[in-house]
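K.L.:
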Amino acid sequence: MTDFPPIDLDLPKGARVVVAMSGGVDSSVTAALVQQAGYETIGVTLRLYDDNGAPKRAGACCGGDDARDARAVADKLGIAHYVLDWASQFRANVIDDFVNEYAAGRTPIPCVRCNQRVKFADLLDSARDLGAAALATGHYARRTIESDGVALRRGREVARDQSYFLFATTKAQLDFLRFPLGDWPKDKVREAAAAFGLSVAGKPDSQDICFVPDGRYAELVKKLRPEAAKPGEIVHVDGRALGTHDGVIGFTVGQRRGLKIAGDEPLYVVALDAAAQRVVVGPRAALGRDQVLMRETNWLAVPDAARDVEVKLRSAQPPTAARVRAADLLTGNAEIELAMPVEGVAPGQACVVYDGDRVLGGGWIETTRRSAFSREVATVSRLENAQT
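Just so we're aligned, residue 519 is where the sequence shown starts under the numbering used here, counting upward by one.
Put into structure tokens, the structure is as follows:
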């Protein structure tokens, strides 16, 4: 027994709860807290890819070592534990999507697809099949009950908040989900892991994409889609050809390093044209975008026809003021007007819409534009730089 107060999952005592156990410290503490609170706890670990016994790089996840760590924690807690081999589903729903998006000149987020298509779809169904009343995960996000129903909110510790990666969660899924760590800071989680005597208390956090543990995304794309690695031109926004490249799969919007071209000013990737195998570069002032079109939108709280909000355009970027204009919610599209131009907005990333700390919804960035105002800001910035 520990000194940590029991959590309340808003379920009857003794209710069966399935915990998604990745083998990391967050999900392990989640399982311990659920059990301590008096719920019948079952741990489930997903084996999502075959690492073939290869040495594991620190910061990777979801391989064989993690399944063993999860089993050790389950044994320590005395709870049932199952490992589900879903490598084929993961390949079809996450890895292939990741590769196809890069080949199309976009910058994907496989963790969102994994939550959307695997963890909160197949695993949620499996939890129901086991007779569970809820599925608990170690995400740093909060689930609250509001006057208009269940809501998703940012995790209390801003630096650990994972609500961005959960924007595709539906209200029906959120009804079944629980996030016990949403109010916890990370140091308290590690303290709890040590107090519970869990072997993973000092385990490093996962940082890399699990199926690309060395971070070499382009190599995976070339292996699975060799036709995507076609050479092409690097072109300046003013039309000048500046050099060549080995494939657009090696670039992302906003990138500066690795262009291998000389110039009088720093150049950044402004756009990718996969069909023409063209990488478009320009000065930093050319990166600004203030109009975003989203596809595959998911709304947990449907916005008004026009509404002032905040949006996150990358997981590590701070929120920015914006106005959402639902173009046609029935087709899954929506337009976002940013209050000021934002640099490096990349198609394929997610645009997540917030009202304060509440997630209204979000979608995948399909295209970006520069309004007349944005072009004016870029021109002024370029003139100011030329004068200094």
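We put the beta carbon where it would ideally sit given N, CA and C, even for glycine. Only a predicted model underlies this, so the values are computations on that prediction, with no experimental measurement involved.
Return the residue from the list 554, 749, 758 and 733 that minimises the CA-CA distance to residue 523.
P.N.:
554
K.L.:
Cβ of residue 864 within 7 Å of Cβ of residue 770?
P.N.:
It is a contact, given that the beta carbons lie within the stated cut-off.
K.L.:
The alpha helix (DSSP H) that contains residue 548, what's its start and end?
P.N.:
543-554
K.L.:
Suppose contacts are defined by Cβ-Cβ distances below 7 Å. Is residue 668 in contact with residue 640 by that definition?
P.N.:
No Cβ-Cβ contact shorter than 7 Å links residue 668 with residue 640.
K.L.:
My guess is that residue 805 and residue 779 are in contact by the Cβ rule of under 8 Å, so how many angstroms apart are they, rounded?
P.N.:
Residue 805 to residue 779, Cβ: 17 Å. No contact.
K.L.:
Among 661, 815 and 672, which one has its Cα closest to the Cα of residue 874?
P.N.:
672
K.L.:
Rounded to the nearest angstrom, what separates residue 714 and residue 837 at their Cα positions?
P.N.:
One C-alpha to the other measures close to 36 Å.
K.L.:
Using a 10 Å radius around the Cβ and a threshold of 16 neighbouring Cβ atoms, would you call residue 798 buried or exposed?
P.N.:
Per the 10 Å Cβ criterion, buried.
K.L.:
Can you grab the Cα-Cα spacing for the pair residue 622 / residue 830, in whole Å?
P.N.:
23 Å
K.L.:
Buried or exposed: which applies to residue 619, given that a residue is buried once 16 or more other Cβ atoms fall within 10 Å of its Cβ?
P.N.:
buried
K.L.:
Is it a yes or a no for the region 639-655 touching the region 692-706, going by three-plus beta-carbon pairs under 8 Å?
P.N.:
Yes, since at least three Cβ pairs between the region 639-655 and the region 692-706 fall closer than 8 Å, the two stretches touch.
K.L.:
Nearest-angstrom Cα distance between residue 736 and residue 658?
P.N.:
30 Å
K.L.:
Does the distance from the C-beta atom of residue 787 to that of residue 773 stay below 7 Å?
P.N.:
yes
K.L.:
Output yes or no for whether 7 Å exceeds the beta carbon distance between residue 718 and residue 587.
P.N.:
yes
K.L.:
Suppose the cutoff is 7 Å on Cβ atoms and the five residues either side in sequence are ignored; what does the same chain contact list for residue 828 look like?
P.N.:
Around residue 828: 837, 838, 839, 840 and 872.
K.L.:
Could you check where the beta strand (DSSP E) with residue 558 kicks off and where it finishes?
P.N.:
558-565
K.L.:
Tell me the rounded alpha-carbon separation between residue 599 and residue 687.
P.N.:
25 Å
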